[in-house]
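Enquirer: Quick note on my numbering: the sequence shown kicks off at 10 and runs consecutively. Beta carbons: idealized from backbone N, C-alpha and C, even for Gly.
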Amino acid sequence: MSDTTTVPMIDLGRQFRSFEGDLIEIFRRVGRSGMYVDGSELRKFQVEFAEYCGVPYAVGVGNATDGLAIVLQGMGIGRGDEVITAANSFVASGGSIAEVGATPVFADIREDLNIDPGSVARLVTSRTKAIMPVHLTGQPADMDALHEIAKTHSLKIIEDAAQAVGACYKGKCVGGLGDAAVFSLHPLKNLHVYGDGGVITTKSSEIYNTCMQIRNHGLIDRDTSVRVGRNSRLDEIQAAIATYKLAQIDDLNERFRAIAHCYSNELSSCVVVPREHDDTYSVYHNYVIQAENRDALKEHMASCGIATKIRYPRLINQQPAYGRMLDPSVQTPVALRVNSRILSLPIFPEMTNEETSAVINAVQDFYS
Ligand SMILES: *Cc1c(COP(=O)(O)O)cnc(C)c1O
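#1: Assuming the contact rule is C-beta atoms closer than 8 Å, Lys138 and Leu164 should be a hit. Round their C-beta distance to whole Å, please.
#2: Applying the 10 Å Cβ sphere with the 16-neighbour rule, what's the burial state of Ile124?
#3: State the CB to CB distance for the pair Glu6 and Val46, rounded to an integer number of angstroms; the pair is presumed to be in contact (CB under 8 Å).
#4: For the beta strand (DSSP E) that contains Ala189, what are its first and last residues?
#5: For Pro329, count neighbouring C-beta atoms within 10 Å of its own C-beta (all shown protein chains included) and say buried if the count is 16 or more, exposed if not.
#6: Does ligand 1 have even one heavy atom less than 7 Å from the beta-carbon of Lys198?
#7: Spatial neighbours of Tyr376 within its chain, please: CB distance less than 6 Å, with the 5 preceding and 5 following residues excluded, ordered by chain position.
#8: Answer with buried or exposed for Thr74, where buried requires no fewer than 16 other C-beta atoms within 10 angstroms of its C-beta.
#9: Report, in whole angstroms, the separation of the C-beta atoms of Pro126 and Ile158, which I expect to be a contact under 8 Å.
#10: So if DSSP puts Pro113 in a beta bridge, which residue, or which two residues, is it bridged to?
#11: Beta-carbon separation of Ala50 and Ala256 under 8 Å?
#12: Please name the residue in Asp169, Asp304 and Ala367 whose C-alpha comes closest to that of Gly207.
#13: Output yes or no for whether 8 Å exceeds the beta carbon distance between Ile298 and Leu324.
#14: Is Met310 close to chain C? Criterion is C-beta to C-beta, closer than 8 Å.
#15: So what's Leu376 in DSSP terms, helix, strand or just coil?
#16: Helix, strand or coil for Gln257? Go by DSSP, reduced to three states.
#17: Bridge partners for Asn240 per DSSP, in chain order?
#18: Glu168 lies in the alpha helix (DSSP H); which residues open and close that run?
#19: Output needed for Arg239: all residues of its chain with C-beta closer than 8 Å, excluding positions within five of it in sequence on either side, in chain order.
#20: Cβ of Val143 within 8 Å of Cβ of Ser102?
#21: Measuring from the CB of Ser193, is there a heavy atom of ligand 1 at a distance below 7 Å?
#22: Buried or exposed: which applies to Gly83, given that a residue is buried once 16 or more other Cβ atoms fall within 10 Å of its Cβ?
#23: Return yes when the C-beta of Gly83 is under 7 Å from any heavy atom of ligand 1, and no when it is not.
#24: Find out if the Cβ-Cβ distance for the pair Arg284, Arg350 is shorter than 8 Å.
#25: At which residues does the beta strand (DSSP E) containing Met141 begin and terminate?
#26: Is any non-hydrogen atom of ligand 1 found closer than 7 Å to the C-beta of Asn123, if you look at the structure I gave you?
#27: Go through its chain and collect everything with a Cβ distance to Ser27's Cβ below 7 Å, but skip five positions before and after it.
#28: Return the CA-CA distance between Gly89 and Ser135, expressed in angstroms with no decimal places.
#29: Mind checking whether Gln172 and Asn326 have CB atoms under 8 Å apart?
#30: State buried or exposed for Asp260, treating a residue as buried only when at least 16 other CB atoms are found within 10 Å of its CB.
#31: Going by the DSSP bridge assignment, what does Asp230 pair with across the sheet?
#32: Closer than 7 Å to a non-hydrogen atom of ligand 1 - does that hold for the CB of Gln172?
#33: Is Ala176 helix, strand or coil by DSSP?
#34: Which first and last residues belong to the alpha helix (DSSP H) in which Tyr293 is found?
#35: Beta-carbon separation of Ile315 and Val16 under 8 Å?
Next comes the structure, spelled out in structure tokens:
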């Protein structure tokens, strides 16, 4: 390893450059069409994305946070209702629930970082309307166990699949594993566009129709608004780019997986590496190890020129904005403990083998 190696968490410019000619061509095509919002590019993306997820319907939206709130609102969830989600997710998982006036309830996690169905079951009350599992890091949650709970208590399941385009669970793509799902197309996600973007998927024509209305002011034609809605559409340029990236995503995800497997093979003797269950296909939006002396390891990595991140340093139930709306008796001990040990290593499809080796060497060096 050379002393000058520097490895970033992610380098989005490399992917842009690798597709640059095609991306410029897309910009030219959409620019010349004169149609920039709610046109044929969005419709095409929705058809192709739905097909990719194995569901009949997709709805392009402005971002995944809006998408989650639109789905909740569309299901009639609001004031007085509770929705259970994972404590260790990105803050938007809780924010979307709070935004529609409902109360987020944060479940504990398992050692694999995904939501713990046992904790979910203990948190169900008469006010619970839905479970929002997060396929954290691109690893599907334990959907069978969650479906059992949902069935017993007549709850909806909304997948927060923001990190998981292309992930599979028991042979099925995420996006079709609940009543609705929401994906993010944000630049830091596996399938990304050049700005904000998101997409809802569902098997239900009713949820589809409602979400289509809510994302566009509740309009059913140019002049008739039948419900209170908002403005949150995936614009034409981003939709065209998303369609283009969708054709690449399986290859990109294979590369994420190759890097992840290389890390796991080399690092499992010194840190806890992510374990993939036999029946899941994880896409490693994020590669998270659990390490002794995490903070010292992070410092050591930095001194070797290698970026690392803690995703996320605070649980949502520890955030000042959320703490005050929570029942203090609800605790998430596993999430708390695991959170002092997690560290995300650099992972992106355009990472070189030299960079991957530099990361591995630096971790091994710390523990030797
Ligand atoms: C990124 C992310 C979101 C929010 O996505 P945006 O498109 O940025 O609104 C929601 N949930 C999870 C788990 C995420 O990682």
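Expert: So, from the listed chains and residues:
#1: On the sequence shown, position 129 is the one that residue 138 refers to. On the sequence shown, position 155 is the one that residue 164 refers to. Confirmed, Cβ separation roughly 7 Å.
#2: One-based indexing of the sequence shown puts residue 124 at position 115. The residue in question, Ile124, is buried, as its Cβ has 16 or more Cβ neighbours within 10 Å.
#3: It is not possible to answer for residue 6, since the shown part of the chain is limited to 10 through 377.
#4: Looking up residue 189 in the sequence shown gives position 180. Looking at the DSSP string, the run of the beta strand (DSSP E) that includes Ala189 is Ala189 to Ser193.
#5: Counting from one through the sequence shown, the residue named residue 329 turns up at place 320. Looking at its Cβ environment, which holds fewer than 16 other Cβ atoms inside 10 Å, Pro329 is exposed.
#6: Position 189 of the sequence shown, counted from the start, is the residue given in the question as residue 198. Lys198: yes, Cβ under 7 Å from ligand 1.
#7: Walking along the sequence shown from the start, residue 376 turns up at place 367. So the qualifying residues of the chain are Cys279.
#8: Locating residue 74 in the sequence shown gives position 65, where the first residue counts as 1. Thr74 should be labelled buried.
#9: Residue 126 sits at position 117 when you count from the first residue of the sequence shown. Residue 158 sits at position 149 when you count from the first residue of the sequence shown. Their Cβ separation, rounded to whole angstroms, is 6 Å, which keeps Pro126 and Ile158 in contact under 8 Å.
#10: In the sequence shown, counting from the first residue as 1, residue 113 sits at position 104. Answer is Val92.
#11: Within the sequence shown, numbered from 1, the residue matching residue 50 stands at position 41. Within the sequence shown, numbered from 1, the residue matching residue 256 stands at position 247. For the sequence presented, residue 50 should be read as Glu rather than Ala. No, these two residues do not count as a Cβ contact at 8 Å.
#12: The count along the sequence shown starts at 1 and reaches residue 207 at position 198. Here the closest residue by C-alpha is Asp169.
#13: Locating residue 298 in the sequence shown gives position 289, counting from the first residue. Locating residue 324 in the sequence shown gives position 315, counting from the first residue. No, these two residues do not count as a Cβ contact at 8 Å.
#14: Protein chain content of the structure displayed is limited to a single chain, and chain C is not contained in it.
#15: To locate residue 376, count along the sequence shown from 1; it is residue 367. The sequence as given places Tyr at residue 376; Leu does not occur at that position. It is helical.
#16: Within the sequence shown, residue 257 is the residue found at index 248, counting from 1. Three-state DSSP puts Gln257 in coil, outside helix and strand.
#17: The sequence position of residue 240 within the sequence shown is 231, counting from 1. In the DSSP output, where bridge partners are listed per residue, Asn240 has Asn225.
#18: The sequence position of residue 168 within the sequence shown is 159, counting from 1. Taken as a continuous stretch (DSSP letters only), Glu168 belongs to no alpha helix (DSSP H), being part of the beta strand (DSSP E) at Lys165 to Asp169.
#19: By 1-based counting over the sequence shown, the position of residue 239 is 230. Asp75, Ile79, Ile223, Arg224 and His226, listed in sequence order.
#20: Translated into positions along the sequence shown, residue 143 becomes position 134. Translated into positions along the sequence shown, residue 102 becomes position 93. Yes, they are a contact pair.
#21: For the purposes of this step, residue 193 is identified with residue 184 of the sequence shown, where counting begins at 1. Result yes, Cβ under 7 Å from ligand 1.
#22: As a first step, residue 83 is located in the sequence shown; it is residue number 74 there, counting from the start. Burial call: buried.
#23: Position 74 of the sequence shown, counted from the start, is the residue given in the question as residue 83. Every heavy atom of ligand 1 is 7 Å or more from the Cβ of Gly83, so no.
#24: For the purposes of this step, residue 284 is identified with residue 275 of the sequence shown, where counting begins at 1. For the purposes of this step, residue 350 is identified with residue 341 of the sequence shown, where counting begins at 1. Cβ atoms of Arg284 and Arg350: not closer than 8 Å.
#25: Mapped onto the sequence shown, residue 141 falls at position 132. From DSSP, the beta strand (DSSP E) with Met141 extends over Thr137 to Met141.
#26: Here the question's residue 123 lines up with position 114 in the sequence shown. Not so, every heavy atom of ligand 1 lies at least 7 Å from the Cβ.
#27: What you label residue 27 is simply residue 18 of the sequence shown in a count that begins at 1. Closer than 7 Å at the Cβ level, and outside the excluded window around Ser27, lie Glu359.
#28: Numbered from 1 along the sequence shown, position 80 holds the residue referred to as residue 89. Numbered from 1 along the sequence shown, position 126 holds the residue referred to as residue 135. Looking at the two C-alpha atoms, the distance is approximately 10 Å.
#29: Residue mapping note: residue 172 aligns to position 163 of the sequence shown, counting from 1. Residue mapping note: residue 326 aligns to position 317 of the sequence shown, counting from 1. The answer is no: Cβ separation not under 8 Å.
#30: Along the sequence shown, read from residue 1 onward, the residue named residue 260 stands at position 251. Looking at its Cβ environment, which holds fewer than 16 other Cβ atoms inside 10 Å, Asp260 is exposed.
#31: In the sequence shown, residue 230 corresponds to position 221, counting from 1. Its beta-bridge partners are Thr233.
#32: Position 163 of the sequence shown, counted from the start, is the residue given in the question as residue 172. Checking every heavy atom of ligand 1 against the Cβ of Gln172, one is found closer than 7 Å.
#33: Taking the sequence shown and counting its residues from 1, one reaches residue 176 at position 167. Ala176 falls in the coil class under three-state DSSP.
#34: Here residue 293 is taken as the residue at index 284 of the sequence shown, counted from 1. That residue, Tyr293, is in no alpha helix (DSSP H); it is neither H nor E in DSSP.
#35: As a working note, residue 315 is residue 306 in the sequence shown. As a working note, residue 16 is residue 7 in the sequence shown. Cβ distance < 8 Å, so Ile315 and Val16 count as in contact.
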